[in-house]
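Contents: one structure, followed by commentary.
Number of protein chains: 4
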Amino acid sequence: MNDNPTISVLGTGRIGKMHAELIVRQVPGLDLHSVYDVYAEGAAAVAADLGVPAMSSVDDILASDVDAVAICSSTDTHVDLAVAAAQAGKAIFLEKPVSLNLAEVDRCVAAVNAAGVQLQMGFNRRFDAAHAAVQKAVADGAVGDVQMVKITSRDPAPPPIEYIKVSGGIFCDMTIHDFDMARFVTGSEVTEVYAKGAVMIDPAIGEAGDVDTAVVMLTHENGVITTIDNSRQAVYGYDQRVEVFGSAGMAVSENPREHTAEVHTADGTRQQNIPYFFLERYIPSYLAEWHAFVEGLSSGTMPLTIEDGRAPLVIGLAAWMSVREGRPVKTSEVSA
Amino acid sequence: MNDNPTISVLGTGRIGKMHAELIVRQVPGLDLHSVYDVYAEGAAAVAADLGVPAMSSVDDILASDVDAVAICSSTDTHVDLAVAAAQAGKAIFLEKPVSLNLAEVDRCVAAVNAAGVQLQMGFNRRFDAAHAAVQKAVADGAVGDVQMVKITSRDPAPPPIEYIKVSGGIFCDMTIHDFDMARFVTGSEVTEVYAKGAVMIDPAIGEAGDVDTAVVMLTHENGVITTIDNSRQAVYGYDQRVEVFGSAGMAVSENPREHTAEVHTADGTRQQNIPYFFLERYIPSYLAEWHAFVEGLSSGTMPLTIEDGRAPLVIGLAAWMSVREGRPVKTSEVSA
Amino acid sequence: MNDNPTISVLGTGRIGKMHAELIVRQVPGLDLHSVYDVYAEGAAAVAADLGVPAMSSVDDILASDVDAVAICSSTDTHVDLAVAAAQAGKAIFLEKPVSLNLAEVDRCVAAVNAAGVQLQMGFNRRFDAAHAAVQKAVADGAVGDVQMVKITSRDPAPPPIEYIKVSGGIFCDMTIHDFDMARFVTGSEVTEVYAKGAVMIDPAIGEAGDVDTAVVMLTHENGVITTIDNSRQAVYGYDQRVEVFGSAGMAVSENPREHTAEVHTADGTRQQNIPYFFLERYIPSYLAEWHAFVEGLSSGTMPLTIEDGRAPLVIGLAAWMSVREGRPVKTSEVSA
Amino acid sequence: MNDNPTISVLGTGRIGKMHAELIVRQVPGLDLHSVYDVYAEGAAAVAADLGVPAMSSVDDILASDVDAVAICSSTDTHVDLAVAAAQAGKAIFLEKPVSLNLAEVDRCVAAVNAAGVQLQMGFNRRFDAAHAAVQKAVADGAVGDVQMVKITSRDPAPPPIEYIKVSGGIFCDMTIHDFDMARFVTGSEVTEVYAKGAVMIDPAIGEAGDVDTAVVMLTHENGVITTIDNSRQAVYGYDQRVEVFGSAGMAVSENPREHTAEVHTADGTRQQNIPYFFLERYIPSYLAEWHAFVEGLSSGTMPLTIEDGRAPLVIGLAAWMSVREGRPVKTSEVSA
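Chains as they are written, first to last, in the numbering used here: chain A, 465 to 800; chain B, 465 to 800; chain C, 465 to 800; chain D, 465 to 800.
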């Protein structure tokens, strides 16, 4: 009766659960087939809530007639699942990052390309209305030839140290979104990376081998210079801004406010804070990402491919090399 | 198994359908029992989409064990349905306006009070985060003694003439929200109304006996002066602002933007428009309204009562009298 | 050697002193000839500071070859001085209001017109860059047919009671600027006035026969409805905003901030206040007013004439009648 | 009679003329003694306009009883004039940069310190109300421990090529203001510089040996990382922003608008541009700089000293070394 494509969500942690709920409640052209998680009870609860089966194995899912899988499990499982799904001929939605290991990413790229399946990387920020409008202003020529890009990306509070330990470090976990944004708004690959990192928020982050504060300068193939600044702790909220400067002007995406009320007194004007939690800011972008996926299934062209998953990891690895060696690093120096 | 209260939505037009969807998808503490519409096919489609039964009569619904009804049908049916629901002991969510006829409103007030059932009027704007923050700033004393209030409320485009003909006119259909807002942010009843109306947008609106542009001045019991301006057509979007001025300062709710991107060129800065469609702006307020209803069912106190449905109608009727007679009118001059 | 026109400033109180200083320091095309004040010591100090003579009588000034006079003395002396200056063939810059007495205004109009001298009324706000841009947007058609105007005009603190007693009351002293603004941005005369006034700030203002809080609704010849709100005390600063709404959009002038710094913390965002003192906000408009005067001397056409001094007084008198009688008043009801 | 200190302005080009005018018209506590320029006609015109003598030699000025000199001549004359003035015991206002040659700067530092005269460097942006409020927020602890600083500094259009050729290049001419700002808001010296420069606007700038687009990353002694971006051509105006991020929040200075009018239509909201010309933005800061100088003469402590002139030049020279060598450069590597 219903000829919507179907999808199974693999991994029902915070982000997988959100994707499953969005698909069921707000994506009319896609049907949730089932969910799966190694933690079976978690999958069962999500399945019950959404009225779909919780499957007991990925093999069962790949053997079914489901059209697509959303890979939302822990990063270390991404490549194996994506390769298996590709070989089973399923379309794939793949959460970032593909992997922290470039050789593994290359194995995934090869398998996906060999199978010829459709794959969309989950870089949701491309679908944020404000950031997308910045990219569109560039594409429409409103800012002329792009010369400089500035990206601010700051979390409200650091994640647990246990998470940081397996995250690949700030550049592969957090800045990777900004590397994708830099490629998105400029439409140009990155050739050189200079990065500075520091531990300013929590010494435990440093003990885990990571930094919590970072500034990165990227040089693109077309000469554009991108600057990115990251912090794991902006106490005023989830600070996410993009600025593209060019020969004809500037396009920026500012932070929204939680709401628009202002109070004016003798002491000045007080505005509401920006959103604190990333879901407050970005839920509409996750939803738009799914609409794009449905559109991609139908048109045959996904807006982000597996190559869009590989490139930011290379930049992230170059950033780490730059921090360790205290010098600008060519992305061509990074190898699997 | 599930001991959530249940509700049946009566009327599945645009607003009733929205309420039913919100209840199912985003109000965890309330279960949708069923839907009903005199246009059975409409109800059936909504019911199928949401996985609940479409009932064939209101009597069946009131005879069932449902806990509450949401009255979202056409205005002329509100009072009969509310009286019947009250007599059946159901809690009631009642869309605005109660009725265009004050005697009918009084019959409804009497029935609801006699039955002792809980009732929440559907003035959703009280639940908008920005407007609510303005009211909270007043309640917290941040603006001191309130002296003047300004409310701007402009639609992006007029409704169909057929709708206007049965709407009660701009003051009872559109401004009634602003009358409620004036009572909400001041916490004081309105004693006098002076209104000017004009037909500036579409002569057909005038031929239907209505105006499309209006300015209203209210005097409150506590001396505060409120000014409201309305237009049926703000081409730049759905313009909704509240400003409260007092001895210690001013609280305002500004319009949000559709998104926060800006483009700066030699010609100036261009920002995105404000939302065009009322649902874009106010969906979160409708949702917050339901959370308040659930809370009210449990606590026994609804944030808006049937009296909050009556008062703005009196003001609207006084506004019409003021326009007709070209003079300030006391609300005490309005009688059923 | 220098063939700039010359001007003598009559009245060297706060506003006259400011005008004299502006002319000397920032108006290259106009030379300050001399100053005069009934309080000779005040005039002498200003004269010494600016390097011009302080004259001992107005007669001496009018008998000299000075080209123009700026009448900045107390309101009750305006008409006598303007009539004498007109009869002496001098161009006139006249501070608002012309007079509080309409018969006197008419005498002034007659004398100025009979003499055929040039006269510019000192309604400086027309020359504020933001308000002027609003008017220009209207004139350029950017807002389409004007339908509603809203003017907010609030002082940071009340003037001394002694001043209030001779001021003509809020409508002829303070709102008169807003009546001029309403005429300026609409380009249409006012036919009807409805006003509410209240004493909310200082009972002594009421005892002096005045109000400190007022809301006024104007109907223009072309049907536009203007709403004005005034307060003698906005603790957050000198609040001056104009909003013009029409069939094609809306033009607004917002308040500037003292500076653009913002501080974002966990408690929200704090912006600097708007200017507190009227000179902080409006000095550039006073300067632009002088440039327009110089231009008018040369072109033969002043941007504001004595008629622009009469019309707002009629509106102010109608506003007082409306408050006293509690009804809308036609401007045609006001007579000398 | 008048016991104000006196000052002679050396150099009456654009900036010297501005300073002389400000001193005469808006700095009550300082008297303009005379002006001088190698181009005698230029000096004569300014002198005539301001009513002071144009002196025929610097020697005459230094031999007079003038209290101070303002050195506003071309950069290559700064040190000789400053040394001579110091030896003559005059207080000195010195425009930036001290010199493009570090050995010369050191000679100046030595002479000024040996003479014990007061000297204020002309870094006017420290006196901009918004930037100063950012620094004050840092000093007051409102942003906590500073972690990152971002400075955007873009000119509306490039200067003439002839100027660029003698300017010392972008880092010593334009970015030097930002290096000063970085030291000002952090209160910490810079230890390392990494810079990228590019020619994106005009090839002639490249042929002159300069760049027109630059991004610089500074590491401060206290660990703070500052990022600066510069362009010689922002078509939307003179873009000047500072952002300080720390453990307790963020302080920013945004660009002001030329005025506050906005036009809202179906196509979005259009705001006025930011100021295009640097004087439009920064005149009040030049004025505040003079008030600080007068205060410094009296208190004995200048807010900026000759050391504040030396430090940014070192950073600028390090930036050039970084661009040439493609690596981060320690400021300790720069020597005279």
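Each residue gets a CB set at the ideal place from its N, CA and C atoms; glycine is no exception. A quick note: this is a predicted structure, and the numbers were derived from the prediction, not measured.
Beta-carbon neighbours of residue i, restricted to chain G and to distances below 8 Å
i	result
G713(B)	No chain G appears in the structure shown, which is made up of the protein chains A, B, C and D.
Neighbour flag for residue i against chain D, beta carbons, 9 Å
i	result
V699(A)	yes
E759(C)	no
A800(C)	no
T724(B)	no
S695(A)	yes
F643(A)	no
S804(C)	In this structure chain C extends from 465 to 800, so residue 804(C) is not present and cannot be described.
CB contact below 9 Å: residue i versus chain C
i	result
Y658(B)	yes
Q736(A)	yes
G687(B)	yes
T650(A)	no
P720(D)	yes
T733(A)	yes
Alpha-carbon to alpha-carbon, residue j and residue i
i	j	result
P667(C)	A678(C)	15 Å
D619(D)	A606(C)	31 Å
A512(B)	I615(C)	52 Å
Y500(C)	M681(B)	46 Å
D524(A)	I665(A)	45 Å
E707(D)	P720(A)	18 Å
P623(D)	S472(D)	28 Å
S538(A)	G475(A)	8 Å
F741(B)	D703(B)	10 Å
A603(A)	A596(A)	10 Å
N-terminal and C-terminal residue of the alpha helix (DSSP H) that residue i is part of
i	result
K629(B)	625 to 629
L768(D)	No alpha helix (DSSP H) holds L768(D); DSSP gives it neither H nor E.
Q490(A)	478 to 490
Contact check, residue i vs residue j, beta carbons under 9 Å
i	j	result
L768(B)	M585(B)	yes
F587(B)	K554(B)	no
V649(B)	A725(A)	no
C572(A)	G780(A)	no
I634(D)	V675(D)	yes
L545(A)	F757(A)	no
I747(C)	L558(C)	no
Limits of the beta strand (DSSP E) - the one that residue i falls within
i	result
T729(A)	725 to 729
M681(D)	677 to 684
L566(C)	Here L566(C) belongs to no beta strand (DSSP E); instead the alpha helix (DSSP H) covers 566 to 579.
L495(A)	First, the residue type needs correcting, since residue 495(A) is Asp and not Leu in the sequence shown. Taken as a continuous stretch (DSSP letters only), the beta strand (DSSP E) holding D495(A) covers 495 to 500.
Chain B within 9 Å of residue i, Cβ atoms only
i	result
A662(C)	yes
V488(C)	no
V573(C)	no
M465(A)	With a pLDDT of 39 at M465(A), under the threshold of 50, the modelled position of this residue cannot be trusted, and the question is left open.
Of the listed residues the options, nearest to residue i (C-alpha basis)
i	options	result
S786(D)	S786(A), Q599(A), R791(A)	R791(A)
P469(D)	R774(D), P776(D), E759(D)	E759(D)
H755(A)	K794(A), R489(A), Y658(A), V663(A)	R489(A)
Cβ of residue i within 9 Å of any chain A Cβ
i	result
S617(B)	no
D592(B)	yes
T677(C)	no
H595(B)	yes
R788(D)	no
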